[in-house]
């Protein structure tokens, strides 16, 4: 047990005296930045794809778009996140001759990747809304687009909020691979502390703890949001 | 007002409507009856192109709305529709349900007029003096539109005695209340005609009366209505014309007295003997 006490001492030494906490805060910021931007981009892309997939396909344009969307979803669900990160960072960027930092690439890849997953979540959400809702919107003279935005998607989002929360949580946890492209996230910060104190047990324990607290906070947030969206269900 | 010419509709290989010809005049109250599967609902849904007709035309106020190149949304604003399952917007309160379409369409027109005026300002600068165009007069604002729509909605709610439910969500209403709100929601657009798709079929028996009373009141106001229903008593009392549909065609069309007293078509005679 005395051994463990010494380990904590060494961790605290690097964490506080050698400014380890700055790296940790910076890593936390990057982790949250990547997950939140990824989720936001993902929601936009996912909603667009889901809408394309539920549009009636009499005409050519929706059919072509639908084909493209299936390809997109297949591509991003069919490869691991790490592979996507590596391909973007080491293949796409040099070919297109663009300069981007690891964090920027991660935000983009996380957005594109979660877009593929969220599109499926969103599609099930849209299909869970009674088709009569869309019909009623069309019947009072609103366009397909307006009826979707004002009537169907708000109800769909309410239905899929728990699943969307899951997606956000798994995004947060998946950010631990962004060090592959040189983005400094929580994992990078704690392994720095570990290698500077020659002691990995405590840093990684603390890291795990931070992830758990993050995820718990997010679950709480989602529950509160759900409750406020539920007001149209409540009978009074 | 509505001219239906040789309307046909198929779902895949199944031909549901096999050539319908009807003319509906202003102030008509046309009730459509028939056995289930006869195409009554499909016929009604083709009138405002909720189902796109396979062939034939629906001439509404001089425009063939079955033509795919027509902007159907503009014409649907003059054609209310009431559904069997009410279809109130669940994420909106009662008053928002009524206000949504009028506010949205009027705001859209306002923005369009503003855009046009802005463009005219640029154009007039380069036009010779005699070619300058007058800007569209804008007399309203978004806030004003909303206020007017709210007053209008409250007036409509008062008419059906539900003004205290204005801020309630549809899930808190009874079936009859929902259907009455759905009817005034379509009224809020000041439509030329309202289509009713079995408006009382999903209601508890004791709530049917309140909905029918509202529909009778509308009829007395001179609203043009097309009603698919199984309420024979209502058809007899309110209709100006009753249509009998079977196997995708209109088998008989007559004023209610003659329709119920002296049916000519043998299929209609059989149908009436079963339901009356």
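Protein chains in written order, with this note's numbering: chain R, 39 to 274; chain X, 2 to 277. For each residue, glycine too, the CB sits at the ideal point set by N, CA and C. Values in this document were obtained by computation on a predicted structure and should not be read as measured data.
Assigned exposure category for residue i - 16 Cβ within 10 Å defines buried
i, result
"residue 187/X", "buried"
"residue 17/X", "buried"
"residue 41/X", "buried"
"residue 246/R", "exposed"
"residue 145/R", "buried"
"residue 179/X", "buried"
"residue 206/X", "exposed"
"residue 80/X", "buried"
"residue 259/R", "exposed"
"residue 134/X", "exposed"
"residue 30/X", "buried"
"residue 266/R", "exposed"
"residue 274/R", "Note that residue 274/R scores 42 on pLDDT, short of 50, meaning its location in the model is unreliable and no value can be drawn from it."
"residue 134/R", "exposed"
"residue 100/X", "buried"
"residue 127/X", "exposed"
"residue 25/X", "buried"
"residue 1/X", "In the structure as shown, chain X starts at 2 and stops at 277, and residue 1/X therefore has no counterpart that could be examined."
"residue 201/X", "buried"
"residue 103/X", "buried"
"residue 200/R", "exposed"
"residue 254/R", "exposed"
Extent of the continuous beta strand (DSSP E) to which residue i belongs
i, result
"residue 1/X", "Absent from the model: residue 1/X. The displayed extent of chain X is 2 to 277, so no value can be given."
"residue 60/X", "56 to 61"
Residue i - partner residues in DSSP beta bridges
i, result
"residue 18/X", "10/X"
"residue 255/X", "243/X"
"residue 24/X", "4/X"
"residue 81/X", "195/X"
"residue 229/X", "33/X and 198/X"
"residue 250/X", "247/X"
"residue 64/X", "61/X"
Boundaries (first-last residue) of the alpha helix (DSSP H) holding residue i
i, result
"residue 212/X", "206 to 221"
"residue 106/X", "95 to 127"
"residue 200/R", "191 to 212"
"residue 153/R", "140 to 166"
"residue 73/R", "58 to 92"
"residue 86/X", "Counting along the chain, residue 86/X falls outside any alpha helix (DSSP H), and DSSP gives it neither H nor E."
"residue 138/X", "No alpha helix (DSSP H) contains residue 138/X, which DSSP labels as neither H nor E."
"residue 50/X", "That residue, residue 50/X, is in no alpha helix (DSSP H); it is neither H nor E in DSSP."
"residue 104/R", "98 to 116"
"residue 170/R", "169 to 177"
Inset, instruction - Give, in chain order, every residue of the segment 153 to 167 of chain R whose Cβ lies closer than 7 Å to some Cβ of chain X. - result: none
Inset, instruction - Decide yes or no for the touch test of the segment 210 to 223 of chain R against the segment 58 to 68 of chain R: beta carbon pairs closer than 8 Å, at least 3 of them. - result: yes
Legend entry - Three CB pairs or more closer than 8 Å across the segment 237 to 250 of chain X and the segment 29 to 39 of chain X: yes
Legend entry - Meets three-Cβ-pair contact criterion under 8 Å: the segment 92 to 100 of chain X and the segment 168 to 180 of chain X: yes
Inset, instruction - Check whether the segment 45 to 59 of chain X touches the segment 4 to 24 of chain X, taking contact to mean three or more Cβ pairs, one atom from each stretch, closer than 8 Å. - result: yes
Inset, instruction - Could you run through the segment 176 to 201 of chain R and flag, in chain order, every residue whose CB is less than 8 Å away from some CB of chain X? - result: 176, 177, 178, 179, 180, 181, 184, 188, 189, 192, 193 and 196
Inset, instruction - Report yes or no: do three or more beta-carbon pairs, one from the segment 177 to 190 of chain R and one from the segment 104 to 115 of chain R, lie closer than 8 Å? - result: no
Legend entry - chain R contacts made by the segment 31 to 64 of chain X, where a contact means CB separation under 7 Å: 49 and 51
Inset, instruction - Mind the definition here: the segment 111 to 120 of chain R touches the segment 141 to 158 of chain R only if three or more C-beta pairs lie below 8 Å; say whether that holds. - result: yes
Legend entry - At least three beta-carbon pairs within less than 8 Å, the segment 53 to 64 of chain R to the segment 222 to 236 of chain R: yes
Inset, instruction - Identify each residue in the segment 77 to 94 of chain X for which the Cβ-Cβ distance to at least one residue of chain R is less than 7 Å, and report them in chain order. - result: 77, 78, 82, 84, 86, 88, 90, 91 and 92
Inset, instruction - Could you tell me whether the segment 48 to 55 of chain R touches the segment 123 to 132 of chain R, using the rule of 3 or more Cβ pairs below 8 Å? - result: no
Inset, instruction - May I ask you to verify whether the segment 107 to 114 of chain X touches the segment 143 to 155 of chain X, counting CB pairs closer than 8 Å and requiring at least 3? - result: yes
Inset, instruction - Closer than 9 Å, Cβ to Cβ, to anything on chain X: give me those residues from the segment 248 to 266 of chain R, in chain order. - result: none
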